[in-house]
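In this text, residue positions in the sequence shown follow the numbering used here: the first is -1, and each later residue adds one. Where is the CB? At the ideal position from N, CA and C, for every residue including glycine. Fair warning: this is a prediction, and the values are worked out from it, not measured in the lab. Comments concern the structure below.
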Amino acid sequence: MLDHLIRRATVVDGTGGPAYPADVGIRGGRIVVIAEPGTVTEEAVTSEDADGLVLAPGFVDPHTHYDAQLFWDPYATPSMNHGVTTVAGGNCGFTLAPLHPDRPEDADYTRRMMSRVEGMALAALEEGVDWTWSTFREYLDALEGRIAVNAGFMVGHCALRRHVMGADAVGGQPTPAQLDAMLALFHDAMDAGAWGLSTTQSSTHSDGDGEPVASRHARAEELLALSRAVGEHEGTQLEAIVAGCLDQFSDEEIDLLVDMTAAAGRPLNWNVLTIDAAVPERVPRQLTPSERARAAGGRIVALTMPILTPMNMSLGTFCALNLIPGWGEILALPVPERVERLRDPATRAEMLRRADSKEAGVFRRLANFGRYVIGDTYSAANEGLSGRVVNDIAAERGQDPFHCLVEICAADDLRTVLWPMPTDNDPDSWALRQRTWEHEDVMLGGSDAGAHLDRMCGAPYTTRFLGDCLRGRKLVPLPTAVRMLTDDPARLFGLRERGRIEEGFHADLVLFDPERIDAGPATLVHDLPGDSPRLDSKAIGIVSVRVNGVETLRDDKVTGAVPGTVLRSGRDTRTVSTA
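As structure tokens, then:
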């Protein structure tokens, strides 16, 4: 007997092939029958009529930071609401394990680092996670049996360094014995099922003390030793972030990424390729590592988002504005001093100069303050300004836009929420995206879901992209769009029997209404431990989500089931050849 039968669905199977009508039967967590509608004679415990609905493989998000959130939110919301059934975590060099058992202060350091660098609320990290593990295996075991999605995790380079070197991980170099200990620790983690190594060399990544995070101090020989270790385990990967990921790689960064993937003999992915027709030289430069890697026997994959991710800013809390050169020191001042400095015309002029300089890189996109929309406000002086564009308010007041924005924020003690309008929402940029997605080493993803919780909301990229493909710009046909969200990332990570609707595959499935599929606007909610805020977005048109055959979501409501699996390298992933 079947556990469940989905009748008369329009199946888009993840291969990129044309849609077809079918009945799909599930038993024991697997897809066991795909047949013409009305031809399945085996009885089923439950069934449903999916006439007019699309049945697709569950979406695979290749870049998340759900490492902590899964402990208080096993449903990985809002990603699962938007059809995601598998998430890749442990990215950017940051993981919650291993932790040194004799140094309880390491957990506090890790919490403060994650709060600073990945925008996770410190109260949520303190109250929502028990922090009882030491080894990476113990961390994975702590999640096993209690999550609704499938989740795999890289090992963060910063955690490896901290475990072996203690406080010297920031600023120091490992002795030969320490490097050996780091490698042994890393091998243990991969033996336990870790997917491989993640690391960051990005200049934007600082710990809770404001110092460059531990992996930024690693030299090439350390990174290559760890990369070679990755190649000794089945089904493993590399993920790396360097400063040039945000704009354009330097020659040295290209050399490093190519050397790492070649040393490992494993794919390396990086996040995120920003596509903007106003900077036409960026895409060719950012794909140069991919071309060189193939010649060297490796593979480098660029992740890129198929939507413009909603992102809010503030002069009062840490956000992307702090990363503009010269801005961080001003925005770190106590609020009264910050307001005084921001109101100084000479200070504002210098801030604008730095924001529009070449050194600002991709953050130059944030420098057109007239195109910001005012979000939530908190004072009588700002009543009626929410939803208005700064340019219009500035014209009424006879101020330049940045001065106007500063005065609005100052009236709210810098609590004002600011929404920058994207600068790359033009037809030429979308046409460039469409062409770039066709490259063999470009893959959709980069949501950062689980991180930067009150600043951005990338998790709904799946539904918003599908809605755009069906009823908006229609840049790619639906079968191609589904393949890009399912089979492509599943193949990159070597996931066994996932990413397609195929007999024998795991029944990770999403059922949606093609007439309605979309994502609602990003809204601020306070539902994290400690009443901490985050941005959320409702899924539209998602009828059902199944993970390993069990329904986890129906009509945007979680069912309470937790059938997800901690995906372990080797057992659940196979080695992906770079040859």
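What is the rounded straight-line gap between the Cα of L476 and the Cα of A216? 43 Å
Are the beta-carbon atoms of L254 and V240 separated by less than 8 Å? yes
What's the gap between the Cα of I391 and the Cα of R369? 11 Å
Between the stretch 464 to 473 and the stretch 545 to 554, do three or more beta carbon pairs fall short of 8 Å? no
Residues near W428 in its chain [Cβ-Cβ closer than 8 Å; skip 5 each side]: R471, L473
With three or more C-beta pairs closer than 8 Å as the rule, is the stretch 326 to 339 touching the stretch 276 to 289? no
CB-CB length for G88 against M152, believed under 8 Å: 4 Å
Do you know offhand how far L483's Cα is from L94's? 27 Å
What does the Cβ neighbour count give for G126, buried or exposed, with the cut at 16 atoms within 10 Å? buried
Determine the contact status of G373 and S384, defining contact as a CB-CB distance below 8 Å. yes
I'd like to confirm the pairing. Which residues does DSSP put opposite F510 in its beta bridges? V52, I540
My understanding is that H98 touches S45, with C-beta atoms under 8 Å, so please give their C-beta distance in whole angstroms. H98 to S45, Cβ: 52 Å. No contact.
Using three-state DSSP, classify I252 as helix, strand or coil. helix
At the level of alpha carbons, what is the spacing between H161 and G208? 20 Å
When you compare each of A488, A347, F463 to P304 by their alpha carbons, which one comes out closest? F463
At 3 residues or longer, and completely inside the stretch 149 to 204: list those beta strand (DSSP E) runs for me, N to C. 194 to 199
My parser needs the beta strand (DSSP E) runs of 3 or more residues fully inside the stretch 37 to 101; what are they? 42 to 47, 52 to 55, 57 to 59, 82 to 87
With distances taken from CA atoms, which of W268, S113, A192 is nearest S204? S113
In its own chain, which residues sit with a C-beta less than 7 Å from the C-beta of A105, not counting the 5 before and 5 after it? L97, W129
For the beta strand (DSSP E) holding D621, just list the boundary residues, first then last. Nothing about residue 621 can be read from this structure; the chain reaches only from -1 to 577.
Express the C-alpha separation of S77 and L123 in angstroms, rounding to a whole number. 19 Å
State whether the stretch 447 to 456 contacts the stretch 305 to 319, with contact taken as three or more CB pairs (one from each stretch) at a distance under 8 Å. yes
Taking a contact to mean a Cβ-Cβ separation below 8 Å, would you say T576 touches R297 in this structure? yes
Please state if the CB of V168 and the CB of H102 are separated by a distance shorter than 8 Å. Residue identity differs from the one stated: residue 102 is Pro in this sequence, not His. No, they are not a contact pair.
Might you give, ordered along the chain, the residues of its own chain that have their beta carbon closer than 7 Å to the beta carbon of D49, omitting 5 neighbours on each side? R6
Roughly how many angstroms separate the alpha carbons of G15 and T478, rounded to a whole number? 8 Å
Candidates N267, P265, P282, A54: which alpha carbon is nearest I273's? P282
For A238 versus V147, is the C-beta distance shorter than 8 Å? no
Mind listing, in chain order, the continuous alpha helix (DSSP H) runs of no fewer than 4 residues lying wholly within the stretch 450 to 497? 459 to 469, 476 to 483, 485 to 490
On the CB-based measure, 16 or more other CB atoms within 10 Å of its CB, does V543 come out buried or exposed? buried
How is I406 classed by DSSP in three states: helix, strand or coil? helix
Can you tell me which residues form a DSSP beta bridge with L442? T302
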